[in-house]
Structure formats: structure tokens, C-alpha cells
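Visitor:
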Amino acid sequence: MFDSGIEMRVLQCQSCRRQNGRVRLGERLLPLFETHDGGTTWSPVIITSPYPDNDLPPGTIHLCNLCGDGISYYPPTKVIITHGDQGDEQPKGAVRLSLSMNLGQSWRDLRLPVPEKYRDGLAGPLSPVFFDDKNGLLPAHILKRNADNSLAYSALVFYATDDGGSTWKTRPGILEHASGYTPMFPEGPFEVVSLRDVFVRGGPNLYVTSDGARSWRTVKPNIDFGLEGSKWDVSRMDFVDTTHGWILIYDNVDDSPYGHHSLYKTSDGGATWTALPLKIVP
Numbered sequence: 045m046f047d048s049g050i051e052m053r054v055l056q057c058q059s060c061r062r063q064n065g066r067v068r069l070g071e072r073l074l075p076l077f078e079t080h081d082g083g084t085t086w087s088p089v090i091i092t093s094p095y096p097d098n099d100l101p102p103g104t105i106h107l108c109n110l111c112g113d114g115i116s117y118y119p120p121t122k123v124i125i126t127h128g129d130q131g132d133e134q135p136k137g138a139v140r141l142s143l144s145m146n147l148g149q150s151w152r153d154l155r156l157p158v159p160e161k162y163r164d165g166l167a168g169p170l171s172p173v174f175f176d177d178k179n180g181l182l183p184a185h186i187l188k189r190n191a192d193n194s195l196a197y198s199a200l201v202f203y204a205t206d207d208g209g210s211t212w213k214t215r216p217g218i219l220e221h222a223s224g225y226t227p228m229f230p231e232g233p234f235e236v237v238s239l240r241d242v243f244v245r246g247g248p249n250l251y252v253t254s255d256g257a258r259s260w261r262t263v264k265p266n267i268d269f270g271l272e273g274s275k276w277d278v279s280r281m282d283f284v285d286t287t288h289g290w291i292l293i294y295d296n297v298d299d300s301p302y303g304h305h306s307l308y309k310t311s312d313g314g315a316t317w318t319a320l321p322l323k324i325v326p
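The working numbering puts the first residue of the sequence shown at 45, with every later residue one more than the last.
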């Protein structure tokens, strides 16, 4: 799997993965650094911003945290900025990206059409996941609320590229959750294992594809993944292959000011989860 990049998404933070790991930072002004030795040493990545600002240090990218923007860096020279619609809350009818293949010396703005059914929804693209220098998947949330702020629909759409991100095609398998379920952790979690294999947590279920988001099957876990109004929810999920994975469950049922996390493991693709004797306290 080719995930030797640095990913930054506003309002979220995840730890590094592998030696050239992914890093997400909860910042608005974002300088990038990269490591090739597992985090012992870091060096700056000087990227020319598409929005020059003389008041910022060289290589600093200014993102809109209110909009839900994010930036992903794929060594040695590819950079993708994702643009969300949450800032002005006006549907654009497209998933919007800015792509550079030369560390920001030049940029291309891309507009990926949203499926017709969701043209009036707000798009929130997440970080593209690449498996080599050409093939990748891009997940995007499309959401619409009614006048009373109830949920009209919430869909997860996947786009695929085979040319390094220059062009993208919508995958036909779209996950829609219109039950009004609002997770404690609204962006996920989901896990892209390969171009074909993706796990998505949606409400109390786990949704799995083995054909690259062309179709999905529902897995009902043996434990509670969290329901509407519950203080029990999945905060992190990580699969290393199609059968072995881990989740962190956040439990604040006792109204503790901090709550606590519990770690679970699966060896059958997400149907059966077993608690590990480890408690994680923030």
C-alpha cells in the first residue's frame, strides 16, 4: 500500500502510520514536514501555496477550517488540497480539489461531478488514498439538512483514479444513511485497505466492499457500535487486511468528564469483536 504521504485535515488528528506515515494536524496555517526514518528526524517540505500570503513563512499552506478543507502530500512532489462546502453552506454540485504535481509550482482545480441525486447537498471530500503513483480512491461525504435541521440524507461517495489524480470517476456503490443517526465522530471512521477493499462504519453496522466501492455488503457486529443518543461510539478503526482489524470504543456512559477508550480486535472481517485487556485513558 502506497501511503507514504503526509495528510493534514483540519479539526482532526491521527497518529503516524508506517515510517513515512500519515500525519493529520488540527491547524489552519500548515507547514509540512516529512520523515524517512520513522519520526526520528524531520525536514521541511517547501510547497508553494495556491493562495500566496507574504505574511506567512515559505511552505506554509493556509486552509479554511470552517470549510472542512484538507491537504495531502505524496512524496516526492504531488500535493492535493480538498475543498469542503461547509464554509458558505452553498452546494457546488461538485467535489472540489486542487492538484499539483510539482510541489505547488503550478496548480489545477478539479471539479468532480456529484451524483445527480445529491446535487443539492454539501460536499466534504476526505483525503485521497493512493496505492502507487497512479491508482487511488477518494471518499467524499455529501450531506443535506432540511429546514428544521433534520437530516435529509448523508451519503458516502467514492471516486477512483488511475492516472495519479488528474482524472477521477465515480464508483457506483454509494452508501446512504438517512435514518437521522448522528455519530459522535461525524467523519468516520472508515478504512481503505486496498483499491478493492474498504471498511466503513455507518451507525450500528459495518459496510464492506471487495470490488472497490462498486457494491457493498452489511456486516452486523456482535458488539454495539453506537446508536442515536448513545454515549458509546467507535472513535478509531484500523484494518491491516480484509480479516484483521482493531477499533477504539469511546465510552462516556457514566458522564465522566473525559470518558475512556476500550480496544477491540477482529479476526473475521468485522463480524466478531473481542475486547483486549487494555484501557486507554486520555
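Think of the CB as a built atom: it goes at the ideal place given N, C-alpha and C, for glycine as much as any other residue. Just so we're clear, the structure is a prediction, and the values are computed from it rather than from any experiment.
Quick check on the DSSP output: the beta strand (DSSP E) that includes Y197 runs from which residue to which?
Guide: Residues L195 to T205.
Visitor: Would you mind listing the beta strand (DSSP E) stretches within the region 58–145 that are 3+ residues and don't spill past its ends, in chain order?
Guide: Whole beta strand (DSSP E) segments, 3+ residues: 73–78, 87–89, 104–106, 114–118, 122–127 and 138–144.
Visitor: Nearest to S210 by alpha carbon, out of P94, G137 and V123?
Guide: Checking every option, the nearest Cα to that of S210 belongs to V123.
Visitor: What does a CB cutoff of less than 6 Å around H288 pick up in its chain, not counting 5 residues either side in sequence?
Guide: Once the five neighbours on either side are set aside, the close Cβ partners of H288 are S311.
Visitor: CB-CB under 7 Å to K264, same chain, minus the five flanking residues each way: which ones, in chain order?
Guide: Excluding positions up to five away in sequence, the list reads N249.
Visitor: Take R155 and list the residues in its own chain whose beta-carbon comes closer than 7 Å to its own, dropping the five residues that flank it on each side.
Guide: Only A138 and R140 meet the Cβ criterion.
Visitor: Under the three-state reduction of DSSP, which class applies to K213: helix, strand or coil?
Guide: Strand.
Visitor: Between which residues of its own chain and S142 is the CB-CB distance below 6 Å, once the five residues before and five after are set aside?
Guide: Excluding residues within five positions, the ones whose Cβ falls inside 6 Å are P94, I125, W151 and D153.
Visitor: Could you tell me if F194 is buried or exposed, where buried requires 16 or more neighbouring beta carbons within 10 angstroms of its beta carbon?
Guide: At residue 194 the sequence reads Ser, which differs from the Phe that was named. S194 is exposed by the Cβ-count criterion.
Visitor: Give a single yes or no on whether T316 has its beta carbon closer than 7 Å to a heavy atom of the ligand SAM.
Guide: Summarising the ligand content, the structure contains no ligands, and the ligand SAM is consequently not present.
Visitor: Alpha carbon to alpha carbon, what distance is there between H127 and C111?
Guide: Rounded to the nearest angstrom, the two C-alpha atoms are 7 Å apart.
Visitor: Buried or exposed for D81, please, with buried defined as at least 16 other CB atoms from any protein chain shown within 10 angstroms of its CB.
Guide: Looking at its Cβ environment, which holds fewer than 16 other Cβ atoms inside 10 Å, D81 is exposed.
Visitor: Checking 8 Å against the spacing of the C-beta atoms, do K213 and A204 come in under that value?
Guide: Contact flag set, yes.
Visitor: For W86, does the count of other Cβ atoms within 10 angstroms reach 16, so buried, or fall short, so exposed?
Guide: Exposed: under 16 other Cβ atoms inside 10 Å.
Visitor: Could you check what DSSP says for K161 in three-state terms: helix, strand or coil?
Guide: K161: helix per DSSP, three-state reduction.
Visitor: From what residue to what residue does the beta strand (DSSP E) around G246 run?
Guide: From DSSP, the beta strand (DSSP E) with G246 extends over V242 to G246.
Visitor: So, is T84 buried or exposed, given that buried needs 16 or more other C-beta atoms within 10 angstroms?
Guide: Exposed, by the Cβ-count rule.
Visitor: Short of 7 Å in beta carbon distance, which residues of its chain neighbour T262, apart from the five on each side in sequence? Order them along the chain.
Guide: Correct list, in chain order: N249 and Y251.
Visitor: Buried or exposed, going by whether 16 or more other CB atoms sit within 10 Å of the CB of R68?
Guide: Residue placement at R68 cannot be trusted, given a pLDDT of 37 that sits under 50; what the coordinates show is reported in the next sentence. Result: buried.
Visitor: State the DSSP-derived secondary structure class of H288, mapped to helix, strand or coil.
Guide: Of the three classes helix, strand and coil, the one that applies to H288 here is coil, per DSSP.
Visitor: With distances taken Cα to Cα, identify the nearest neighbour of P233 among L239, N266, S171 and N190.
Guide: When only C-alpha atoms are compared, the closest one is S171.
Visitor: Who does I293 pair with in a DSSP beta bridge?
Guide: DSSP lists V278 and S306 as partners of I293.
Visitor: Can you give me the C-alpha to C-alpha distance between M145 and G246, rounded to a whole angstrom?
Guide: The straight-line gap from Cα to Cα measures roughly 34 Å.
Visitor: Please report the straight-line C-alpha distance between D285 and N98, rounded to a whole angstrom.
Guide: Each residue's Cα considered, the two are about 45 Å apart.
Visitor: Buried or exposed: where does E235 fall if 16 or more other Cβ atoms within 10 Å of its Cβ makes it buried?
Guide: Counting Cβ neighbours within 10 Å, E235 comes out buried, since at least 16 surround it.
Visitor: Alpha carbon to alpha carbon, what distance is there between A319 and S279?
Guide: If I take the Cα positions, the gap works out to 15 Å.
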